[in-house]
Each structure stands twice: as structure tokens, then as C-alpha cells.
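Student: Before anything else, here's the structure in question.
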Amino acid sequence: MFDIVMVGHLTKDIITVNNLQKIIPGGAVYYSSISAAASNARVKVITRIAEEDSKYLNEMLEKKVEVSNLGSRETVCMNLNYSADMETRKITVSHLADSFQLNDCDEIEGSIYHLAGLIRGDFPDEMISHLAERGKVALDVQSVLRCEQDSHLSFNDWKDKEKYMPYITYLKTDAAEAEILTGKSDRYEAAKILHSWGAKEVLITHMSEMIVYDGAFYNAPFTMKSMEGRSGRGDTCFAAYLAWRKDHNIQESIDYAAALTSIKMEKLGPFQGNVQNVLDRIKE
């Protein structure tokens, strides 16, 4: 039994900031799995990449993440162009991988099934209710809002949001995505609406803080000293919350996730610390 089973595509990311370019592994499962494993969760990743790109799985394996590559004709390739302050970015896609199928997780037992897609269509919506019969479902709404057309990405509302919200225990969104779903620019109001549709714990990230709503509000500030590691912020945050939540209450979990994410944002790449580093940051 795994604490968290993550489903999503690993990517090859071409990151450009101030005309400087780096090529690194990426994708929600990359940042999420390493964050959760560093938080002492037992993590399984189910992904689809081309066989020739299997080297990009090595870091997850080194971090004690168990990985199943179901194979794909191509690996997702993302081009991420950031503003100088790292807060805004333009993303284009040059390659897409094969989609996940409804029964891809049927042989894997997990307490939480984390659907960490990149683009609408990465997995069928029915996978949400299907997995809810077997464990708690965690959904990053990027999976259902972000659409690809002619290599360009856009965010569009999810027509079946109210149908599937009751199956979701943990829902993660950022402030902009929450507004698309609810029409509310106030993230606190948006959280209430998402919860009213059935999501049990609604987590919303913002550049200054993260909040959780389960009928009451909880919040914790981000305390990063730089934004060099902005890429993967939300993925890292959500996974840290899920990993800590299994043995802790909501406030303890949000404090932990905000602190871990703050450390991660100070350096490009996934979180490289440990639990004690995070606990020390909380005390600062």
C-alpha cells in the first residue's frame, strides 16, 4: 500500500529567464513525488514517457520514489519563458505524450490517488470517480483547465466541475484557476464555492500564501528569499500538504507545505531538503 499514487506525465522543460536557457526534467509528478518522498511518504508514480527519455526518471528513483513508465510514443516537452521576477510565465508545448487510460491504476493500492495531469485530456474525467471508489482523490485543477491547441496553452472552464467535485477529497488550484472555475477574483470566496460543490479540502496557492478551506479557513505564508525555483511551486506545495496530512491536522499540514515550498523556491529544481530542514524553517 502506497501513501500516495501519482498519475501524470514527466516532461522535458526548456526554461528561459532573462535570455538564459536550461533544460531540466519537469512535470507535476516530478516535483510532487520528490516533495512527498522527502516528507517520508511512500510514493508511486505512474507516468508515460518515450523509452529513449527514461534517464529523466533517475532522480525520482534516487529519491526512493517507485516509478512505472507505461510508455509513450513521445515525451511531453514544455517551453517555459519566465518574467524577470519569476511570477509570470508563457508556456508552449512542442511534444505531447500518450494519454492515461481509466484502468491504469487498477493494480496499484494507495491511500491517496493524486491526479497530477498537465493538460486536459491527459486522463478521462471518469478516472476521478473511478479512483474515489478505491481511496481518496487529490486533483490539481490544472489537469482539467489547461488546454492545448497548436502548441499554445489556454485555460478554460471545466464543464463537469460540479459533477466530479463530490468525489474529490483534496482539490488544489491557484488564485487564477480558482477564478476561472468560480468567477470570483477573491480566492477566499472562491474556496467557499469550490467546497460547496463537494470538494472536502480546497487548497489555493498565491504568490504570498497558501490557504485551505474545509468549512473553516487555514493559511500559511510563503517565506522564500528568492524566486529562482518558481517552476514547480504549486506541485511541490500540494504534494507536501498531502504527505504531511496523513498524520497531521490541516494547520500543521499547511504550515509544513508552505515552509517546504519556500525552501524549494529558493533554488531551481525539485525540493532537495529533508523534514528537519522544513521544521527548522517553520520555527524561523
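Mapping of the sequence shown onto the numbering used here: residues 995 to 1278, in sequence order. Glycine residues also receive a C-beta, built at the ideal position from the N, C-alpha and C atoms. These figures come from a predicted structure and were not determined experimentally.
1) Can you say whether F1211 is buried or exposed, counting buried as having 16 or more other CB atoms within 10 angstroms of its CB?
2) Output the distance between the C-alpha atoms of L1147 and L1090, rounded to the nearest integer angstrom.
3) Using 8 Å as the Cβ pair cut-off and three pairs as the minimum, do the stretch 1047-1056 and the stretch 1091-1101 touch?
4) Roughly how far, in whole angstroms, is the beta-carbon of D1134 from the beta-carbon of F996, given that I think they are within contact range, below 8 Å?
5) Using only the alpha-carbon positions, how far apart do A1022 and K1258 sit?
6) Please go through the stretch 996-1069 and give each complete beta strand (DSSP E) segment of 3 or more residues, from N-terminal end onward.
7) Buried or exposed: D1168, going by 16 or more other Cβ atoms within 10 Å of its Cβ?
8) Give the straight-line distance between the Cα atoms of I1040 and T1217, rounded to the nearest whole angstrom.
9) Starting from T1167, trace the beta strand (DSSP E) in both directions and tell me its first and last residue.
10) Can you list, in chain order, the residues of its chain with a C-beta nearer than 6 Å to that of E1173? Leave out the 5 residues immediately preceding and following it.
11) Applying the criterion that 16 or more other CB atoms from any shown protein chain within 10 Å of the CB defines a buried residue, is D1047 buried or exposed?
12) Taking the alpha carbon of K1038 as the point to measure from, which residue in A1237, A1253, K1049, K1166 has its own alpha carbon closest?
13) If you draw a straight line from the C-alpha of P1160 to the C-alpha of Y1024, how long is it?
14) Provide the residue span of the beta strand (DSSP E) that contains A1132, from first to last.
15) Assign D1229 to one of two classes, buried (16 or more other C-beta atoms within 10 Å of its C-beta) or exposed (fewer than that).
16) For N1213 and T1199, what's the separation of their Cα atoms in angstroms?
17) In the structure shown, what three-state DSSP assignment does T1082 receive?
18) Suppose you measure from the CA of N1150 to the CA of E1156; what does that come to, to the nearest Å?
Tutor: The structure says:
1) Of the other Cβ atoms in all chains shown, fewer than 16 fall within 10 Å of the Cβ of F1211; this residue is therefore exposed.
2) 12 Å
3) no
4) About 18 Å; that fails the 8 Å criterion.
5) So the two alpha carbons sit approximately 14 Å from each other.
6) 996-1001, 1005-1011, 1014-1020, 1037-1041, 1060-1063
7) buried
8) 32 Å
9) 1164-1168
10) S1179
11) Buried.
12) A1237
13) 27 Å
14) 1130-1134
15) The residue is buried, with at least 16 neighbouring Cβ atoms inside 10 Å.
16) If you take the alpha carbons of N1213 and T1199, they lie about 10 Å apart.
17) coil
18) 15 Å
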